[in-house]
Ligand SMILES: Nc1ncnc2c1ncn2[C@@H]1O[C@H](COP(=O)(O)OP(=O)(O)OP(=O)(O)O)[C@@H](O)[C@H]1O
Ligand SMILES: [Mg+2]
């Protein structure tokens with residue numbers, strides 16, 4: 600820019616000097632001279648704009664080139680030479696480690712999640728529960744170690760096939776500014792309205808939605824209905840349940856619901872998920888004790904594994920966790936009673 604300003608200034612000086620002397624020699628009239636300088640001033644801005652547009656265009660072209668390189672990158676190929684998925688829905692971790700920056704978030708995890716079983720991950724906040732679940736969905740990749748689904752390492756899976764096999768409810772529920780029906784339907788594009796209702800029933804959502812004036816057509820968000828935290832969670836849950844998948848991954852998917860609603864959902868889920876692999880994170884005892892197996896995870900390691908009864912009897916980390924959690928839940932119950 601400085602050089603442009605310099606040239607603009609030089610041009611004005613040149614015109615004044617040459618034009619001035621021409622006027623004095625009476626070659627051109629004073630009027631011509633004034634008009635000419637006027638035109639020059641008019642020209643200045645369009646020329647600057649032209650330069651700016653050209654530079655914008657060049658920047659765009661450079662960016663386009665870089666985006667193009669990314670878009671043309673071939674998708675990860677499915678390794679046809681490896682083992683074929685056996686369709687069981689079994690998930691196996693072998694010495695899995697995960698680094699995030701400086702920290703080692705998971706430190707040597709060995710796991711076997713079996714079809715037909717509900718496995719609950721419990722432990723203090725920041726222990727690595729969400730990180731572990733994200734690895735199953737391949738949202739993150741382990742730094743070392745292998746994770747297999749159906750006997751095939753996750754990185755060898757074809758992504759669409761993997762997505763079809765898994766259903767994941769993240770810790771933070773995410774809804775689009777669309778109708779509730781569309782929000783649920785995203786779990787399985789092309790699902791029929793009946794199918795969507797079924798999933799909503801399973802997630803104990805239907806009664807409340809039908810009490811809205813527009814029912815399932817009610818739009819979520821800014822200018823639509825505002826859903827409560829529990830309703831948002833159940834909408835995301837319905838989205839995940841819509842899909843007939845082998846592995847169900849629930850990250851604290853009931854945290855914003857009262858115990859009754861949660862029990863209702865878990866009760867109907869039990870029938871629905873027989874034969875599937877379910878892994879869930881929860882802080883609530885009523886959920887955790889229903890699990891077939893409990894893994895106590897702290898600081899990136901699985902410290903204890905077993906059923907609720909066994910682990911309580913063992914009197915270790917989990918037993919302490921249960922005592923703390925009981926007190927906490929009692930306090931919350933007392934609070935909600937005195938509020939009512
Ligand atoms: N992107 C990241 N970069 C650095 N550290 C991270 C990142 N994501 C997570 N962590 C760290 O990894 C650890 C495990 O986090 P994670 O979310 O798995 O815990 P969690 O067990 O799910 O906790 P909560 O019960 O609160 O949900 C935490 O200490 C967290 O700070
Ligand atoms: Mg978490």
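Residue numbers (the working numbering): 600 to 939. Note that the Cβ used here is the ideal one computed from N, Cα and C, for glycine as well.
Item: Since residue 744 and residue 692 are thought to touch, with beta carbons under 8 Å apart, how far apart are those beta carbons, to the nearest angstrom?; Value: 7 Å
Item: Let me check understanding here. Comparing Cα to Cα, which of 624, 807 and 750 lies closest to residue 684?; Value: 750
Item: Once DSSP output is grouped into helix, strand and coil, what is the label at residue 688?; Value: coil
Item: What residue from 841, 814, 661 and 630 has the CA that sits closest to residue 790's CA?; Value: 841
Item: How many Å lie between residue 717 and residue 665 at the Cα?; Value: 45 Å
Item: Against chain B, with Cβ distances strictly below 8 Å, would residue 908 count as a contact?; Value: In summary, chain B is missing from the structure at hand, where a single protein chain is found.
Item: Under 8 Å by Cβ, that's how I've got residue 894 and residue 720 pegged, so tell me the actual separation to the nearest angstrom.; Value: 5 Å
Item: Do residue 713 and residue 689 have their beta-carbon atoms positioned less than 8 Å apart in this structure?; Value: yes
Item: Just to confirm before moving on: does the CB-CB distance between residue 694 and residue 711 stay below 8 Å?; Value: no
Item: Pull up the CB-CB distance for residue 850 and residue 769, whole angstroms please, since I reckon it's below 8 Å.; Value: 6 Å
Item: Looking at the unbroken alpha helix (DSSP H) that takes in residue 791, where does it start and where does it end?; Value: It is not in any alpha helix (DSSP H) - residue 791 carries neither H nor E in the DSSP assignment.
Item: Please report the distance separating the alpha-carbon of residue 860 from that of residue 806.; Value: 12 Å
Item: Classify residue 719 as helix, strand or coil using the three-state DSSP reduction.; Value: strand
Item: Between the stretch 884 to 893 and the stretch 903 to 918, do three or more beta carbon pairs fall short of 8 Å?; Value: yes
Item: So, residue 873 versus residue 816, is the Cβ gap smaller than 8 Å?; Value: no
Item: Work out the CA separation of residue 661 and residue 643 for me, nearest whole Å.; Value: 28 Å
Item: Tell me which same chain residues have a C-beta within less than 7 Å of the C-beta of residue 916, skipping the five on either side of it?; Value: 895, 897, 902 and 903
Item: Please determine whether the Cβ atom of residue 832 lies at a distance below 7 Å from any heavy atom of ligand 2.; Value: no
Item: Please classify residue 634 as buried or exposed, where buried requires at least 16 other C-beta atoms within 10 Å of its C-beta.; Value: exposed
Item: Give the list of continuous beta strand (DSSP E) stretches no shorter than 3 residues that lie fully inside the stretch 866 to 895.; Value: 876 to 880
Item: Alpha carbon to alpha carbon, what distance is there between residue 736 and residue 759?; Value: 12 Å
Item: From the DSSP output, which residues share a beta bridge with residue 708?; Value: 695
Item: Can you tell me whether residue 773 is buried or exposed? The criterion is at least 16 other CB atoms within 10 Å of its CB, across all chains shown.; Value: exposed
Item: Looking at ligand 2, does it come within less than 7 Å of residue 699, judged from the CB to the closest heavy atom?; Value: no
Item: Could you tell me if residue 601 is buried or exposed, where buried requires 16 or more neighbouring beta carbons within 10 angstroms of its beta carbon?; Value: exposed
Item: Measure the CB-CB distance between residue 776 and residue 829 and report whether it falls below 8 Å.; Value: no
Item: Residue 618: buried (16+ other C-beta within 10 angstroms of its C-beta) or exposed?; Value: buried
Item: Hey, is residue 772 close to ligand 2, as in C-beta under 7 Å from one of its heavy atoms?; Value: no
Item: Would residue 653 be called buried (16 or more neighbouring beta carbons within 10 Å of its own) or exposed?; Value: exposed
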